[in-house]
Each structure stands twice: as C-alpha cells, then as structure tokens.
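In this note's numbering, the protein residues as written are 242 to 536.
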C-alpha cells in the first residue's frame, strides 16, 4: 500500500480480499480509499485525500496554509480538508472535504512535496476572510522572514509576492483586512507571538521595536545576544518566553544568563509569557522607555 493510502478498487484489483478491504483491517479517512494507519495530522489527511481527489483539484485556504508551514492559530486549524478547482471545473463532493471554485487568473499554484497546492502568497490572501488582522500579520511576517535571522536560509517569499497577491485578491471578502495587514508586516520576527506582541505594542501607541536585534561583542566577532523586540536607543529589551523556555532546563538557564548579560550591558529587560495580557506588557514597556530618559 502507498504511504498516503490506496484506492479501494486498486486493493481489490491487486488481490486483497474483499473482507479485508471492507472490514476493520484498514482505516477509511475518505470514501473510496484506505490507509494502513489513521492520519494523525492535517497534513497526513491532505496526503490521504490526494489519493481520491480529481487531478484538477488543488489544496487551498487553511489546508494550503498547513502544507506551506504557516503558523495558524490553534483555533483556526482546519478539520475538513480544503481544496479548490479552477473555473469551469466543478468542485468535488466528498465527505470531509470543503471545496471551492476559483478564478485561474487570480491565483498561482505550485507543488509542495508532491501535493498540488495554491501558492503561499495566495493562500495567505485566502485567509483574510477567516483570520483577524494580528494573525494575518504574524503569518505575513513568517512568510517574508522564515528563520533567516538564525539560519541564513532565504525566506519563503519576498514582500513583492504578498503585494501581488493583494492586487490579485481584488475586491473579495477580507481585502480591507488584507491591505491593513500588508502595511504592518515586518521582516525579522521569528515566532507568531513575537509578531502579535509587536502589533499590540504599536496599537498601544508605542514606537515600533526592532526585531531580533543583535548585540555583538566589542570586537564584533561574537554575538552576545539576539533580542526579540528591542528599543536600542533606550536600551529596553522585550523577550517573549514560550513554553519551551520553561520546560527545557537548558533554555531556561540560558534565558537567565542572557538577561544577566543584558543587564550588565545596561539594558532594561522585560520578560513576557503567554499568561501576560498584552495591555499590561505595553504599560511595562512604556514605563521602561520613560525610565530610560531619566538614566
């Protein structure tokens, strides 16, 4: 059996007993196909669906976002697989699949690990009717940054790609939010929470911080620290600590050492966790910026 699954008729053609095909030996994620094991992730469900989808179908919307590795908020993670066809093709009707019909001139597509999928920039635009502004910005930050500040690997997209997608989106639902998001996307964020925190600080009327600001040793040869959100002139550092900072003891110790080093260098360091309301964080940052003017 193929790792993504196999059509029922192909199993029968290959001599698999009828009782095995229609019994409990295999799993049935979608009508007309079987898998050896149940697909545990949405990406695995997309792979299983690809076995029975028509050739003119391609993954779209939230499923495309998952395939491209976009940081969807947990509440927005899809259950049904989302697919689309281009006009004049008719959308497939299959239980567990949410189908759309698209205009071909308004969308680009590509292959990702063998899956035919809407291009990342147009999948991002499709999310504008589903996600609020901050989440669209967080995904946009990811698309034009990736992990390049750490790894040096080029990001998935350039800003021009997102701008072109907004133009293609035309007057569809969500385009106003999409345009607002495009204006606020910034290169440099390495996590969606960093992006959301930046948006919250800006919405509170604070200056836009520098993202992943690098502090080097006096000789310039060594990186002393990389600050999530920084106000270099004021020497104010804002560090977002996800759960892995708490669970991983090595990371936890490194956080403490980094904070001590930043304090030694004259920085006012603010740690932020998921439990901290962003309006409270904004107040702490405002106070730190004010303190910097009196030092």
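Note that beta-carbon positions come from the ideal geometry of N, C-alpha and C, so glycine has one too. Fair warning: this is a prediction, and the values are worked out from it, not measured in the lab.
Distance between beta carbons of residue j and residue i, contact taken as under 8 Å
i: residue 379; j: residue 301; result: With 8 Å as the limit, residue 379 and residue 301 do not qualify as a contact, their Cβ atoms being about 20 Å apart.
i: residue 303; j: residue 319; result: 4 Å
i: residue 398; j: residue 362; result: 6 Å
i: residue 333; j: residue 295; result: 6 Å
Pair within 9 Å by beta-carbon distance, residue i and residue j
i: residue 451; j: residue 473; result: yes
i: residue 369; j: residue 413; result: yes
Burial state of residue i, where buried means 16 or more other Cβ atoms lie within 10 Å
i: residue 507; result: exposed
i: residue 260; result: exposed
i: residue 317; result: exposed
i: residue 421; result: exposed
i: residue 381; result: buried
i: residue 323; result: buried
Any C-beta of chain C under 9 Å from that of residue i
i: residue 293; result: Judged by its chain identifiers, the structure shown contains no chain C, having just a single protein chain.
DSSP-derived helix/strand/coil call for residue i
i: residue 486; result: Legend: pLDDT at residue 486 = 46, less than 50; position of this residue unreliable, no value from coordinates given.
i: residue 465; result: strand
i: residue 259; result: helix
i: residue 449; result: coil
i: residue 521; result: helix
i: residue 321; result: coil
i: residue 370; result: helix
i: residue 476; result: coil
i: residue 503; result: helix
i: residue 183; result: The question about residue 183 has no answer here: the residues shown for the chain are numbered 242 through 536.
i: residue 425; result: helix
Chain-order list of residues whose beta-carbon lies under 7 Å from that of residue i (same chain, five-residue window excluded)
i: residue 503; result: 466, 478 and 510
Beta-carbon proximity list for residue i, same chain, < 8 Å, skipping 5 on both sides
i: residue 289; result: 245, 246, 270, 271, 274, 276 and 280
i: residue 284; result: 307 and 308
i: residue 439; result: 427, 430, 449, 450, 452 and 470
i: residue 423; result: 381, 403, 404 and 407
Cβ shell of residue i (< 6 Å), same chain only, five flanking positions each side left out
i: residue 305; result: 358, 359 and 364
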